[in-house]
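Below: one structure, written as C-alpha cells.
There are 2 protein chains.
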Amino acid sequence: MPKTETFNREHVLEKATEVFHKKGYNGTSMQDLVDATSLNRSSIYNSFGNKLNMFIEVLSYYQQLNNSDFNQGLSKSYNASEAIKIIFNINLSRILNDNDRKGCLIVNCKSEMTNQEPLITSFMEKHQDRMVAVLEDIVSKGQMEKVFNEEQTANQYALYLFTAIQGLQMTGILNKSKEDLTNLINTILKVLE
Amino acid sequence: MPKTETFNREHVLEKATEVFHKKGYNGTSMQDLVDATSLNRSSIYNSFGNKLNMFIEVLSYYQQLNNSDFNQGLSKSYNASEAIKIIFNINLSRILNDNDRKGCLIVNCKSEMTNQEPLITSFMEKHQDRMVAVLEDIVSKGQMEKVFNEEQTANQYALYLFTAIQGLQMTGILNKSKEDLTNLINTILKVLE
DNA sequence: TCTTAACTGAAATGATTGTTTCAAATATAA
DNA sequence: TTATATTTGAAACAATCATTTCAGTTAAGA
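Chains A and U, in that order, give the protein sequences. FYI, our numbering numbers position 88 of the first sequence as 88, with every residue one higher than the one before it. FYI, our numbering numbers position 83 of the second sequence as 276, with every residue one higher than the one before it.
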C-alpha cells in the first residue's frame, strides 16, 4: 500500500553531510539542506524528523565512512607499527585533500555542540570510547610484539594517540605542508618506540 | 563636544566573550549580546560595528587574557623544561575549571569559521605563528641547555607542541580526569627529553 | 548658557529561521 | 481497477535574525 521513498537516502545523506561539514550545524539552514539535497522541505521532515535528528544521522554516516576507511587500511597491516602509521596516514591524506579547510566534521561538532546538546555529548563519548578501544588494541599488540615500549599502559597510549589525532586535525586546517605534517606524525609516534 | 562612552568597554567585552564562548559565533544572536552586556542595540552597533567585528574584538580580548596568563607563568620559570610544563599546566587547570565543557574559544572558532571568514583565517594564522614562535624560543633554549634533545629542530618541536595543546584542549572537553590528563601531558613531553 | 556631536532607547526594517499544514500526486496490495 | 497509506509540492506559520532608523537625551567646548 505505501508509496515507497523515491529518493536515495544515502545520496541525500551525502549531500547533507557536505553542507553541514562546510558550514557547521548552526551555520546551516533548512533552506541550505533543501537546496543541497533537492528534496522537498516536507520530505526532509518526514524522513528525518527535524534538523538535529538529520544532523545526527549525518554524523553517523560520516563516522561510518571514516570507519570503513580505517578498517580497509588496517586489514592490510601486518603489524602494530604499520597499523598506527596507516591510521595517521589516512588522516594525513584527508588533510591534504581538504582544500576548503573544513577540518574534521566530528571534531568541529564536538567543539560546537558538545556543551549544548545532550545527544551530541553522548555521541562524542561513544566516539571517543570506540576510537580509544581500537587504538588500545593496536598498541597492546605492539607491546606484546615488543615493537612498542611499555612505559605507559596501552590505554594511556591510546588516549595520547586519540589526542594527537585531534590535534593533527586542528593543525591540518591551516597547515597543508606534507613535509611538516609527516614530520609532525613521526614526532608524535616517537614516544611509542 | 562629544559625549563619551558611559559603559566600561572591557566589562562589555568580558560579558560578550562569555556568550560567544558558550554558544559559538553562529549560535549567538544579537539579542543574546544585548541581554548579556545590558547595552542597547544601537550602542553595540555604534561601538563595535557589527556582529563579526565585535566577535573579532572578543577573540583578541580572549587571546590577550591567555597571553598574560602565560607571561605571568613564564616569568616564574627558571629553565626551559619548567617553562613548557607551566604552559601545559595552565592549560590543564583551565580544562579542569571548564565545568560547562566550552573548550577553548580560539580552537572552537578555528573549527567553526576558518573556512568561512577571511578575517578569522588571518587571525588564526597570526595566532599560530605567535604560539609557535613562543614555543620555539623555549625549545631552543632547552636544547642549548641540553635538557631537550636535538633530534628535531626547535621549530619542528614547536609545531608538535602547538598541535598537542590543541589536541589536549579537544580531549579536555569530555575528559576531566586530572590523573589521565596529567599522564597525557607527561607522555606528550617525553619526546623532548 | 548655548551649541553641537555623540550616545541612548525603542521601534521598525525586511530577510531568514525551523517547522507545520494540507491538498494533490503516487505507487503498492488487494 | 480500486482502495489506501505515504510521499510530495507549495504555501504559510510565528519567531527570530542582523541591522537601521530616528527622536530624545546627554555631556563637553565655546
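Think of the CB as a built atom: it goes at the ideal place given N, C-alpha and C, for glycine as much as any other residue.
Alpha carbon of ALA164 (chain A) to alpha carbon of SER43 (chain A), nearest angstrom:
41 Å
Go ahead and label THR375 (chain U) buried or exposed: buried means 16 or more other beta carbons lie within 10 angstroms of its beta carbon, across all protein chains shown.
exposed
Closest to LYS22 (chain A) by C-alpha separation, out of U:LYS278, U:PHE248 and U:GLN309, would be which residue?
U:GLN309
Using three-state DSSP, classify GLY73 (chain A) as helix, strand or coil.
helix
Could you name the residues of the stretch 370 to 385 of chain U whose beta carbon sits closer than 8 Å to any beta carbon of chain A, in the order they occur along the chain?
ASP373, ASN376, LEU377, THR380, ILE381, LYS383 and VAL384
Taking ASP35 (chain A) as the query, report the chain U residues whose CB atoms sit under 7 Å from its CB, ordered along the chain.
What ASP35 (chain A) touches in chain U: nothing, since even the nearest Cβ is about 17 Å away.
What separation, rounded to the nearest whole angstrom, lies between the Cα atoms of ASP373 (chain U) and PHE70 (chain A)?
26 Å
If you measure from the beta carbon of PHE162 (chain A) to each beta carbon in chain U, is any gap under 8 Å?
yes
Helix, strand or coil at THR221 (chain U) according to DSSP, with G and I counted as helix:
coil
In or out: GLY242 (chain U) buried (at least 16 other Cβ within 10 Å) or exposed?
exposed
Report the three-state DSSP secondary structure of THR199 (chain U) (helix, strand or coil).
coil
At the level of alpha carbons, what is the spacing between GLU57 (chain A) and LEU13 (chain A)?
8 Å
Can you tell which of A:SER75, A:VAL191 and A:THR121 has the C-alpha that lies nearest to the C-alpha of LEU367 (chain U)?
A:THR121
Return the residue from the list A:LEU92, A:PHE123 and A:ILE86 that minimises the CA-CA distance to GLY73 (chain A).
A:ILE86
Can you tell me the Cα-Cα spacing of SER274 (chain U) and PHE200 (chain U), whole angstroms?
43 Å
Which residues of chain U have a Cβ atom closer than 8 Å to the Cβ of THR114 (chain A), listed in chain order?
ARG294, GLY296, ILE366 and LEU367
Let me know if LYS102 (chain A) comes out buried or exposed under the rule of 16 or more other beta-carbons within 10 Å of its beta-carbon.
buried
DSSP three-state assignment for SER231 (chain U), whether helix, strand or coil:
coil
Since TYR218 (chain U) contacts GLU305 (chain U) with CB under 8 Å, what's their CB separation in whole angstroms?
6 Å
By how many angstroms is the C-alpha of LYS15 (chain A) removed from the C-alpha of ASN190 (chain A)?
The residue asked about is misnamed: residue 190 (chain A) is Lys in this sequence, not Asn. Cα to Cα, the separation comes out at about 39 Å.
Pair every Cβ in the stretch 323 to 342 of chain U with every Cβ in the stretch 351 to 365 of chain U, then say whether three or more of these pairs are closer than 8 Å.
yes
Step through the CB atoms of chain A and report whether any lies within less than 8 Å of the CB of GLN345 (chain U).
yes
With a threshold of 16 other CB atoms inside 10 Å of the CB of TYR62 (chain A), please say whether the residue is buried or exposed.
buried
Have a look at U:ASN233, U:PHE248 and U:THR210 and flag the residue whose alpha-carbon is nearest the alpha-carbon of PHE470 (chain U).
Outside the shown range of chain U, which is 194 to 386, sits residue 470 (chain U), and nothing can be said about it.
Against chain U, does VAL107 (chain A) count as a neighbour if the rule is that its beta carbon must be under 8 Å from one of theirs?
yes
Please name the residue in U:GLU211, U:ASN282 and U:VAL300 whose C-alpha comes closest to that of ASN379 (chain U).
U:ASN282
I'd like to know whether the C-beta of MET30 (chain A) is nearer than 8 Å to at least one C-beta of chain U.
no
Cβ neighbour criterion (16 or more within 10 Å) applied to GLN321 (chain U)
buried
Measure the alpha-carbon distance for MET363 (chain U) versus LEU312 (chain U) and round it to whole angstroms.
23 Å
If the cut is a Cβ gap below 9 Å, which residues of chain A does GLU318 (chain U) touch?
LEU174
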